[in-house]
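J.: One structure, as structure tokens, below. Some questions next.
Numbering (UniProt numbering), first residue to last: 1 to 257.
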């Protein structure tokens, strides 16, 4: 596919794959080899994390539709071969995270996909796109499980920085676009309908109580973690990709080699 027509996005807006889509793919080994290679590429290309997560769900029994989905990722990469994460010098050392979840997105199991991204200053340092292990009974529950995953990640990064003798002096802010999930993180009252997610709730609340974490609301148009949970329209995808600092290399100036 070295001369294929490039695609503007790695997935379309109706990107949910099913385990029963179409006939079985004839070459399982090829599919698994390509999907495994794309997993390594996500180490420097967070913009394809969601798409790769989707194709990797069907490694055991890939189908023709899954292979066509995978080929679209390759066509997107063909048009963005020189893209990568830009890391730049920054005097800001604060941690900021964005968390999101696509409630009941899996058409087979109705499990949700959660994603987060963590910035240190202006630089992206951690990200994830992962299907949740249990079914959530509401969007608030799905979002809150995603927030708990983001809080666990930033807590680990915070402890790592402490071991490196670069302790954080500021509170870590976790942004979520679900008002109910934000409310649950600070409300000390345990409602009957939230007892099944009690561990996640207490974990996040403990971090909020000791002053390590703040969970705040962010409008959906600034929820960068959306790129890790669903297919987005081209303008929004391009905007969020740039916000993650996934860009082509800067053009060299005259006299610089």
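In this text, a Cβ means the ideal position worked out from N, Cα and C, and glycines have one as well.
Grab me the residues of residue 100's own chain with a C-beta within less than 8 Å of its C-beta, minus the 5 sequence neighbours each way, in chain order.
T.: Within the chain shown, the letter at position 100 stands for residue 100. Cβ within range, chain order: 114, 115, 116, 143, 146, 176, 177, 223, 225, 226, 228, 229.
J.: In three-state DSSP terms, what is residue 131?
T.: In the chain shown, the residue the question calls residue 131 occupies position 131. Residue state, collapsed to three classes: strand.
J.: Start and end of the alpha helix (DSSP H) containing residue 4?
T.: Position 4 of the chain shown, counted from the first residue, corresponds to residue 4. Counting along the chain, residue 4 falls outside any alpha helix (DSSP H), and DSSP gives it neither H nor E.
J.: Is DSSP giving residue 257 helix, strand or coil here?
T.: The residue given as residue 257 occupies position 257 in the chain shown. Per-residue confidence for residue 257 stands at a pLDDT of 49, beneath the threshold of 50, marking its modelled position as unreliable; the derived number appears in the next sentence. Note: residue 257 maps to coil in three-state DSSP.
J.: Terminal residues of the continuous alpha helix (DSSP H) containing residue 83?
T.: The residue given as residue 83 occupies position 83 in the chain shown. Taken as a continuous stretch (DSSP letters only), residue 83 belongs to no alpha helix (DSSP H), as it is neither H nor E.
J.: Three or more C-beta pairs under 8 Å: does that hold for the region 23-34 against the region 54-64?
T.: Taking 8 Å as the limit for Cβ pairs, the verdict is that the region 54-64 does touch the region 23-34.
J.: Report all residues from its chain with a CB closer than 8 Å to the CB of residue 157; omit the five preceding and five following residues, and keep chain order.
T.: By one-based count along the chain shown, residue 157 stands at place 157. Once the five neighbours on either side are set aside, the close Cβ partners of residue 157 are 95, 118, 120, 125, 126.
J.: Considering only the alpha carbon of each residue, which of 69, 8, 83 lies closest to residue 42?
T.: Translated into positions along the chain shown, residue 42 becomes position 42. Minimum Cα distance to residue 42 is reached at 83.
J.: For residue 171, I'd like the list of residues in its chain whose CB is within less than 8 Å of its CB, leaving aside the five on either flank, ordered along the chain.
T.: Mapped onto the chain shown, residue 171 falls at position 171. So the list reads 211, 212, 213, 214, once near-sequence residues are dropped.
J.: Smallest Cα separation from residue 169: which of 240, 92, 220?
T.: Along the chain shown, one-based indexing puts residue 169 at 169. For the residues 240, 92, 220, the minimum Cα distance to residue 169 belongs to 92.
J.: Can you name the start and end residues of the beta strand (DSSP E) that residue 115 belongs to?
T.: The residue you call residue 115 lines up with position 115 of the chain shown. That run of the beta strand (DSSP E) goes 113-120.
J.: Just to confirm the assignment, what range does the alpha helix (DSSP H) spanning residue 102 have?
T.: Your numbering for residue 102 matches position 102 in the chain shown. Per DSSP, residue 102 belongs to no alpha helix (DSSP H); it is in the beta strand (DSSP E), 95-102.
J.: Once you ignore the five residues that flank residue 130 on each side, which residues in its own chain have a CB closer than 8 Å to its CB?
T.: Here residue 130 refers to the residue found at position 130 of the chain shown. The residues are 53, 113, 114, 115, 149.
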